[in-house]
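Numbering (mature numbering (1 follows the signal peptide of the UniProt record, and there is no 0)), first residue to last: -23 to -1, 1 to 222. By construction, the Cβ of each residue, glycine as well, lies at the ideal position given by its N, Cα and C atoms. A short worksheet on the structure shown next.
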């Protein structure tokens, strides 16, 4: 009986230690200002500070390389919205994908930044949407679309109207079949380079495809986004030895 009691107490102790450790990891929080801002992200993930292929970058106005292609196969499907405390994210149903250099990448989610994270010739846009994809090998490809202030965006209107009330809560959007193709400009000419996630853990070897053409978003829609999550752009990172095609 004493042996059983001893073992039971040991198990309880280990569970408590495990819970405290997990809580400590969850407590580590990054953001966009002050001690939690981008200049200190290396405290959360070292590659944010030491990586040589980080994103976003300042894109040149012109690149002298052959035209690159990307194949979009986006389909209408159900979506779930999420305010994760850093951005407005939309998780999508399976079935949409892109093809890059013969590889298929499935669309997982898209989210927004304001102002844009990538800039062109030093100039940012009002917003940028990132469409995040992954292939069957676990490799990531992100499509970036600039959003310039202009007329109201019907797709953004749908998303903004269906946000959850609380941070961290995923909300299924009922009665809506959303097509991510509605977030794309008509011209698919793009910049391509090897980069990283733009938030911790800043993992590298991300295939970045930033479309040169933009879509529009109204001033009111941009301001609503900022009222929800605030400015959420990482400063541009050194290009180093990379080639931007």
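Beta carbon of residue 31 nearer than 8 angstroms to that of residue 179: yes
Could you tell me the distance, in whole angstroms, from the CA atom of residue 75 to the CA atom of residue 49? 5 angstroms
Take every Cβ of the stretch 134 to 149, pair it with every Cβ of the stretch 104 to 119, and state whether three or more of those distances are shorter than 8 angstroms. no
DSSP puts residue 83 in a beta bridge; with which residues? 74, 111
Contacts around residue 216, its chain only, beta-carbon distance under 7 angstroms, and the 5 residues preceding and following it disregarded: 34
CB contact check: residue 160 to chain D, cutoff 8 angstroms: The chain labelled as chain D is not found in the depicted structure, where only one protein chain is given.
Outcome for residue 15 when other beta-carbon atoms lying within 10 angstroms are tallied against a minimum of 16: buried
Distance, Cα to Cα, residue 61 vs residue 89? 12 angstroms
Could you please give me the residues that DSSP links to residue 48 through a beta bridge? 76
Span of the alpha helix (DSSP H) around residue 273: Outside the displayed range of the chain (-23 to 222) lies residue 273, so it cannot be described from this structure.
Hey, residue 40 and residue 222: beta-carbon distance below 8 angstroms or not? yes
Could you check the C-alpha separation between residue 18 and residue 11 for me, to the nearest Å? 11 angstroms
Helix, strand or coil for residue 166? Go by DSSP, reduced to three states. coil
Look up residue 176 in the DSSP assignment and say whether it is helix, strand or coil. coil
Starting from residue 205, follow the alpha helix (DSSP H) in both directions and report where the run begins and ends. 196 to 206
What is the DSSP secondary structure of residue 156, reduced to helix, strand or coil? coil
Tell me which residues share the same chain as residue 199 and place their Cβ nearer than 7 angstroms to its Cβ, disregarding the 5 neighbours each side in the sequence. 91, 103, 104, 126
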